[in-house]
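Using our numbering, the first residue of the sequence shown is number 3, and each one after it goes up by one.
Worksheet for the structure shown next.
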Amino acid sequence: MKNLIKKMAIATIALTMFSCSDDDNNSNQPQTIADIAIAGADFSTLERALVRTNLVGTLDGTGSFTVFAPTNAAFETFFDLLGPTVTVENVDENILKAILLNHVIADEITFAEVPTAGYATTLSTLNSAANGPGISMFLQKSGTTITINGGVDSKGATTTQATADVDASNGVIHIVNRVIQIPTLVDHVIDNPEFDTLQTVVTSTGGAFGNQGAVL
3 MKNLIKKMAI
13 ATIALTMFSC
23 SDDDNNSNQP
33 QTIADIAIAG
43 ADFSTLERAL
53 VRTNLVGTLD
63 GTGSFTVFAP
73 TNAAFETFFD
83 LLGPTVTVEN
93 VDENILKAIL
103 LNHVIADEIT
113 FAEVPTAGYA
123 TTLSTLNSAA
133 NGPGISMFLQ
143 KSGTTITING
153 GVDSKGATTT
163 QATADVDASN
173 GVIHIVNRVI
183 QIPTLVDHVI
193 DNPEFDTLQT
203 VVTSTGGAFG
213 NQGAVL
């Protein structure tokens with residue numbers, strides 16, 4: 003009887019040790035971008051948006067991605083622009099999906115790798131074709147901040163964590179203070195300082211060229 007009790011005690015201790023070890027291993031598992039978004043309290047709206055548009059699998063999968071992740075406050079500001087009753091649950095799903103993909107680049111770009119000024123291609127496409135051309139994102143880096151598509155004054159955003167990369171097993175996250183809207187050709191002209199002369203022509207409402215902003 004004593005031997006039986008002793009064996010049971012040893013088995014119980016072993017089982018407890020195995021369970022603790024298993025828990026530790028699980029907690030140390032590399033997290034994907036989707037895991038981080040789902041676990042982050044300030045990304046709850048992003049999580050709901052990813053679930054609604056069936057994009058969790060994309061950001062949970064293999065590959066290398068860069069995601070500019072809007073906070074809950076950023077989404078709230080964006081939905082307010084669309085209307086007083088618009089939420090992540092009732093906004094047009096196709097619009098929401100296009101917007102979300104406009105925050106994703108199919109390549110891992112850390113803060114150190116962001117150019118002083120340059121373009122990257124997002125997963126958001128110009129049309130619904132399977133291999134439609136991707137929409138461009140204009141990136142600028144100054145000091146400790148990344149500015150996307152001209153910043154908050156031009157439908158874009160800026161990063162909120164100085165030089166900080168949120169590393170994931172399948173890429174990197176940069177936290178941003180606004181939802182990055184789909185840019186037009188005029189937006190890109192305005193956002194890039196290299197196009198200052200063209201910007202003057204495009205945004206002019208008079209003169210020999212007329213209002214080219216309405217055309218573009």
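Cβ atoms here follow ideal geometry from the backbone N, Cα and C, with glycine treated the same way.
Does the Cβ-Cβ distance between E110 and F67 come in under 9 Å? yes
Inter-residue CB distance, K157 and N151 (contact presumed, cutoff 8 Å): 6 Å
Closest to V154 by CA distance: which of N172, N129, R180 is it? R180
How would you call G173, buried or exposed, if buried means at least 16 neighbouring beta carbons within 10 angstroms? buried
Report the option in F140, A170, I175 whose CA atom is closest to the CA atom of L187. Among F140, A170, I175, the Cα nearest to that of L187 belongs to F140.
Around the C-beta of L83, are 16 or more other C-beta atoms found within 10 angstroms, so that it is buried, or is it exposed? exposed
Those runs of the alpha helix (DSSP H) which lie wholly inside the segment 80 to 110 and span at least 4 residues: 95 to 103
Environment of N96 [buried if 16+ CB atoms lie within 10 Å]: exposed
Look at the Cβ atom of T147, then the Cβ atom of P135, and state whether they are nearer than 9 Å. no
Identify the residues that DSSP records as bridge partners of H176: which are they? Partner(s): F70.
Have a look at S171, V178, T123, T118 and flag the residue whose alpha-carbon is nearest the alpha-carbon of E196. T118
Where DSSP assigns a beta bridge to V168, which residues make up the other side? I175
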